[in-house]
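Line by line, the protein sequences are chains A and B.
With my numbering as the guide, the letters of the first sequence map in order to residues 1 to 175.
With my numbering as the guide, the letters of the second sequence map in order to residues 1001 to 1175.
A short write-up of the structure that comes next.
2 protein chains.
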Amino acid sequence: MDTKTLCLGVISLGAASGYEIKKAFEEDGLNHIYHTSYGSIYPALTALTKEGLVVCSAMAQEKRPDKKVYTITEAGRGALLTALSAPPAEDKFRSDFLFTMFFAHLLPPQHVAKLLDERIAWYEGNLAKMESSQGCNAFVHGMGLAVYRSAADYLKSHRQEFLDHLSSADKLVAE
Amino acid sequence: MDTKTLCLGVISLGAASGYEIKKAFEEDGLNHIYHTSYGSIYPALTALTKEGLVVCSAMAQEKRPDKKVYTITEAGRGALLTALSAPPAEDKFRSDFLFTMFFAHLLPPQHVAKLLDERIAWYEGNLAKMESSQGCNAFVHGMGLAVYRSAADYLKSHRQEFLDHLSSADKLVAE
DNA sequence: GATGTATATATCGTATAGATATATACTGGA
DNA sequence: TCCAGTATATATCTATACGATATATACATC
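So, in structure tokens, the structure goes:
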């Protein structure tokens, strides 16, 4: 799913600026589903405009920087439908944290404990945010909640076991 | 977590070739935790060798292409420890599928049903593979299992509800 | 008065993903 | 038997993506 499609999707829900598209991937229903950055969004919007899939209208704002609002065209709706009809790529979970835990035996136990606690807090913080906002698509929102909840639950219920396992393995090495 | 660190981590568990490092991120315990490609691995191995963090020994093989086996150095173990001690980035879940489901109202219902069934099968297939292999790190392996299981369970238990919701929303539009 | 956050666009360099090229050997089906 | 597909193995190329940075204004907070 390239950035052009991501932008087109957001704009299909209503005219938006690059800044607002970025926010949609941070706050709104798209959070934790896909990620993107200004470095990809702005060039994508320029390309979409050139291809006639969106139109741009500059908006002068009082007390705010000028805003460029992009609106989807009929051709844009067609292109979005085509892109969404292609077989979706595999779901990918990427975790610096789990990679680090894979090598926890190399790290001081108190550092591992700190990392575990921080990640539990991170998941719980996100869960609280997600639970308070209902998201625009209940099915997608619910899936995010289910996955994050299981991650938080797993970390909480296996934290001590893992730390115990690490320290007992350490003792064996010391012997 | 850059590719150099990913390679260094795998090599720290035992000497490995670029091909074997790739496999570690596809089959072994690192599957579903982090992803990388030859386009990143081979340049990373070259850089690691130049920096003296790994050493390369060419291995001629009978009936197989030559293999370059990389072994970690003491400096490499130090560099790995330093990299693992840095604060880990946020966990990121990226799903073409969920992004598509976010716009399910634009797609034919039977196509949405097909996508749901395929994704359920995909999660269940992965779960079966993960359950049969025990992984080298029980904690990390267990987290992967927990998350995938919750994803599969969620999709199975909300599939029909979602499809019903889509068709009823469709009827409202038609009226 | 200084610092931080929010709004808003844009670009730059590096890193990454994914496809492709090359080569050999084995396996399974038509 | 031949052909296609899969597995082993390295390497590179291009397009894209990420993350940091620059710029500018306004507002809140300390």
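By construction, the Cβ of each residue, glycine as well, lies at the ideal position given by its N, Cα and C atoms.
A quick note: this is a predicted structure, and the numbers were derived from the prediction, not measured.
In this structure, C1056 of chain B keeps its C-beta atom at 8 Å or more from the C-beta atom of Y1042 of chain B. For D1091 of chain B, the nearest beta carbon of chain A is closer than 8 Å to its own beta carbon.
Under the three-state reduction of DSSP, I1072 of chain B is assigned to strand. The alpha-carbon of A1075 of chain B is positioned some 21 Å away from that of M101 of chain A. Under the three-state reduction of DSSP output, F99 of chain A falls in the helix class. A buried status is given to S95 of chain A, since no fewer than 16 other beta-carbon atoms sit within 10 Å of its beta-carbon.
Its chain contains Y1123 as the residues whose beta carbon lies nearer than 7 Å to that of A1151 of chain B, once the 5 sequence neighbours on both sides are disregarded; these appear in chain order. Proximity of D96 of chain A to chain B, defined by a Cβ-Cβ separation below 8 Å, is satisfied. Between H1105 of chain B and L1166 of chain B, the gap from beta carbon to beta carbon is short of 8 Å. At a cut-off of 8 Å between beta carbons, G14 of chain A makes no contact with chain B.
Burial state of G18 of chain A is buried, judged by a 10 Å Cβ sphere holding 16 or more other Cβ atoms. Below the 8 Å Cβ cutoff, chain A contributes L107 and H111 as neighbours of S1085 of chain B, in chain order. At least 8 Å separates the CB of L45 of chain A from every CB of chain B. Distances from the alpha-carbon of D91 of chain A to those of B:Y1148, B:E1090, B:L1080 and B:T1049 put B:Y1148 closest.
Residue state for F93 of chain A is assigned as strand, using DSSP reduced to three classes.
For Y154 of chain A, the residues of chain B that pass the 8 Å Cβ criterion are G1142, M1143, A1146 and V1147, in the order they occur in the chain. Per DSSP, C1007 of chain B is not a residue of any beta strand (DSSP E); the alpha helix (DSSP H) it occupies stretches across T1003 to S1012. Cα atoms of L1116 of chain B and L1098 of chain B: separation of roughly 10 Å, rounded to the nearest angstrom. Shown here, S1133 of chain B sits in coil according to DSSP, grouped into three states, outside any helix or strand. Straight-line spacing of the CA atoms in G1039 of chain B and M59 of chain A works out to 43 Å. Close to G1029 of chain B, with beta-carbon spacing below 9 Å, are these residues of chain A in chain order: F102. At least 8 Å separates the CB of L48 of chain A from every CB of chain B. For M130 of chain A, none of the residues of chain B pass the 7 Å Cβ criterion, the least Cβ distance being about 12 Å. Between I33 of chain A and chain B, the shortest Cβ-Cβ separation is below 8 Å. One thing to note: L6 of chain A has its Cβ within 8 Å of the Cβ of T36 of chain A.
Counting C-beta atoms within 10 angstroms of its own C-beta, K1050 of chain B has fewer than 16 neighbours from the protein chains shown and is therefore classed as exposed.
Burial state of G9 of chain A is buried, judged by a 10 Å Cβ sphere holding 16 or more other Cβ atoms. If you draw a 10 Å sphere on the C-beta of A1121 of chain B, you find fewer than 16 other C-beta atoms in it, and that means exposed.
Contact between F1093 of chain B and F93 of chain A is confirmed by a C-beta separation of about 5 Å, below the 8 Å threshold. In the DSSP assignment, S1040 of chain B falls within the unbroken alpha helix (DSSP H) covering Y1038 to K1050. Interface criterion met: the Cβ of S150 of chain A is under 8 Å from a Cβ in chain B.
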